[in-house]
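Single-structure report; data block below.
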Amino acid sequence: MTLLDRLRTDLDVRRETTGLRRDLVASGIQGPTLRVGREILVNFASNDYLGLAADPEVLESAQRALRDQGLGVTAGRVLCGTREIHGELEAAIAELVRAEDAVLYGSCFDANLGTFDALLGPDDAVFSDALNHASLIDGIRLSSARRSVFGHADLDELARRLAASADARHRLIVTDGVFSMDGDIAALPQLSELADHYDAALMVDDSHATGVLGTTGAGTSESYGLDGRVDVLTGTLGKALGGGAGGFVAGSHAVVETLRQVSRPYIFTNAMAPPLAAAALTAIRIARGRPELRERLAANTAWLRRTLLDLGYDVLPGEHPIIPVMLRGSLAREVAAALRREGVLAFALSYPVVPVGEERIRVQVSASHTTEQLELAAAAFGRAHAVMAGA
Ligand SMILES: Cc1ncc(COP(=O)(O)O)c(C=O)c1O
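Everything in the sequence shown is counted per our numbering, starting at 1 for the first residue and increasing by one.
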């Protein structure tokens, strides 16, 4: 069988079993609503937590940078691709997350791919939560460090694994700050205690928390009042911070400088386009300067969580704007389709994204959702629940 024959056969099997993934094709500017063909859907499927993707100031700053600096730089950072705006953005990120320094990547996926191999060697060990993001998993795989996966949020197992690794030169505990499927927040106080106890470093991917959690939007660590306890912090500019694209690693000068010297996705790729950097810079200024956006986000989230619980839905507990509504088996897809018919966009997640039996609809709330939009979603969920109860 040739490669192409096998791929065709595998696709046929996939088509008949799980079905093939199809991208939803939207148009227009991303905001609390999304145009899909002729439909305007209220969007509960994006990571635009602060509603900055459609912010006029953010968009204008990108336009200005496009006019003054052009679209892209056609070179990597270490050649002639670096502009002043890259340094300004790195300084703004470091200030936002309260780190000594920060370095930009094309995405957080790249940041996670490029960090482990750069910082660790074969004598080192990484301890990774089982539900960590795919990019952390792949980044660890690309490094020569020993990999030790502990059960999701299972601190006892982590402690046992740390205790059994006395021969490692360095130990690095790595966790998502907020887990993207469950919306739960990593137990950073306990994780940093374990890190202290076992002389390990702590790395957090705060993609769903930067700009979102903490009084000033510094992220998961700030939400616990744990300033400066995270040694390596990665995050994205593609979610709350304007939703353009880009990622970063923040930490001490030693971490950041090492990455600049040896991290492959920093060195061997084109530098961030100035319009994206300008948009992110403006988004960070707004995210820091307008705490009322986080207050609004928290209020919207609390309202929708409470309403879904009152309607009788099984909602995983938490405070983050990721609200997982557990609907086992095919129900998740059926309810998502019913919501869609009522103009509400939220995705059903099933295997392999979540384990079999843990199917769900992931609802993501934004500060930009209006009361009417939240009520529309609640009413649509209410009708779907009535149909399920009657079925
Ligand atoms: C926890 C986490 N880390 C990393 C990423 C990747 O971020 P980016 O879109 O910047 O590559 C995501 C996005 O899906 C994420 O949820």
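The beta-carbon is built from N, C-alpha and C at its ideal position, and this holds for glycine as well.
Residue i: CB within 7 Å of a non-hydrogen atom of ligand 1
i, result
"Thr-236", "yes"
"His-152", "no"
"Cys-80", "no"
"Ser-107", "yes"
"Gly-37", "no"
"His-320", "no"
"Ser-180", "yes"
"Asn-43", "no"
"Gly-247", "yes"
"Asn-270", "no"
"Asn-300", "no"
"Asp-314", "no"
"Asp-167", "no"
"Ser-207", "yes"
"Asp-176", "yes"
"Ser-368", "no"
"Ser-135", "yes"
DSSP beta-bridge partners of residue i
i, result
"Phe-109", "Bridge partners of Phe-109: none, in fact."
"Ser-27", "Arg-35"
"Ala-338", "Ala-338 is not bridged to any residue."
"Ala-92", "Answer by DSSP bridge pairing: none, since Ala-92 is not bridged."
"Thr-175", "Val-204"
"Val-103", "Val-249"
"Asn-270", "Gly-76"
"Asp-314", "Met-326"
"Gly-183", "Answer is none; Gly-183 lacks a bridge partner."
"Ala-125", "Arg-146 and Arg-171"
"Phe-44", "According to DSSP, which records beta bridges pairwise, Phe-44 is partnered with nothing at all."
Contact set for residue i: own chain, Cβ-Cβ below 8 Å, skip 5 residues either direction
i, result
"Ser-107", "Thr-236, Gly-238, Ala-245, Gly-246 and Gly-247"
"Ala-186", "Asp-129, Ala-153, Thr-175, Asp-176, Gly-177, Val-178, Phe-179, Val-204 and Thr-220"
"Ser-192", "Leu-202, Leu-226, Arg-229 and Val-230"
"Gly-343", "Glu-39, Ile-40, Leu-41, Val-42, Leu-376 and Ala-380"
"Gly-81", "Val-73, Thr-74, Ala-75, Asn-270 and Ala-271"
"Leu-331", "Glu-359 and Met-388"
"Gln-30", "Asn-43, Ser-46, Asp-48, Ala-53, Ala-54 and Gly-243"
Proximity to residue i [Cα-Cα], best of the options
i, options, result
"Arg-67", "Ala-389, Leu-104, Leu-276 and Asp-101", "Leu-276"
"Val-97", "His-152, Val-232 and Gly-357", "Val-232"
"Arg-229", "Asp-199, His-208, Thr-258 and Ala-240", "Asp-199"
"Val-212", "Ser-192, Gly-242 and Leu-104", "Gly-242"
"Arg-146", "His-253, Ser-128, Gln-63 and Ile-93", "Ser-128"
"Arg-383", "Ala-45, Leu-339 and Ile-267", "Leu-339"
"Leu-327", "His-320, Asp-314 and Ala-337", "Asp-314"
"Ala-134", "Asp-117, Arg-22, Ala-280 and Val-353", "Val-353"
"Trp-303", "Asp-227, Val-363, Leu-11 and Glu-193", "Val-363"
"Val-387", "Ala-337, Tyr-351 and Ala-346", "Ala-337"
"Thr-282", "Gly-151, Ser-46, Ile-93 and Leu-7", "Ile-93"
"Gln-261", "Leu-131, Leu-79, Ile-85 and Asp-5", "Leu-79"
"Asn-43", "Glu-375, Val-365, Phe-150 and Thr-17", "Val-365"
"Arg-341", "Asp-12, Leu-376 and Gln-30", "Leu-376"
"Ala-378", "Asn-300, Phe-109, Val-356 and Gly-318", "Asn-300"
"Pro-32", "Arg-21, Arg-22, Ala-45 and Leu-20", "Ala-45"
"Ile-267", "Arg-8, Ala-75 and Ala-380", "Ala-75"
"Ser-263", "Gln-30, Thr-115 and Gly-72", "Thr-115"
"Val-256", "Tyr-105, Asn-270, Leu-311 and Phe-150", "Tyr-105"
"Ala-168", "Leu-11, Ala-389, Leu-120 and Thr-215", "Leu-120"
"Ile-284", "Gly-217, Leu-308 and Ile-322", "Gly-217"
"Thr-258", "Met-181, Asp-101, Arg-6 and Gln-30", "Asp-101"
Environment of residue i [buried if 16+ CB atoms lie within 10 Å]
i, result
"Met-1", "exposed"
"Arg-77", "buried"
"Thr-370", "exposed"
"Asp-55", "buried"
"Glu-222", "buried"
"Ser-27", "exposed"
"Val-103", "buried"
"Gln-373", "buried"
"Arg-38", "exposed"
"Ser-148", "buried"
Own chain residues within Cβ distance below 6 Å of residue i, not counting five before or after
i, result
"His-170", "Asp-124"
"Ala-367", "Leu-50, Gly-51, Leu-293, Arg-296 and Leu-297"
"Ala-240", "Tyr-49, Leu-50, Gly-211 and Val-212"
"Arg-333", "Ala-348"
"Gly-318", "Gly-183 and Asp-184"
"Leu-162", "Tyr-198"
Heavy atom of ligand 3 within 7 Å of residue i beta-carbon
i, result
"Asp-48", "You won't find ligand 3 in this model; what it holds is ligand 1."
Cβ-based neighbour list, residue i, same chain, cut-off 7 Å, excluding 5 preceding and 5 following
i, result
"Leu-24", "Val-36"
"Asp-138", "Leu-113"
"Leu-34", "Ala-26, Leu-41, Asn-43 and Leu-345"
"Gly-329", "Glu-359"
"Ala-159", "Leu-194"
"Leu-136", "Asn-112, Ser-128, Val-174 and Asp-205"
"Ala-99", "Leu-233, Ala-250 and Gly-251"
"Val-13", "none"
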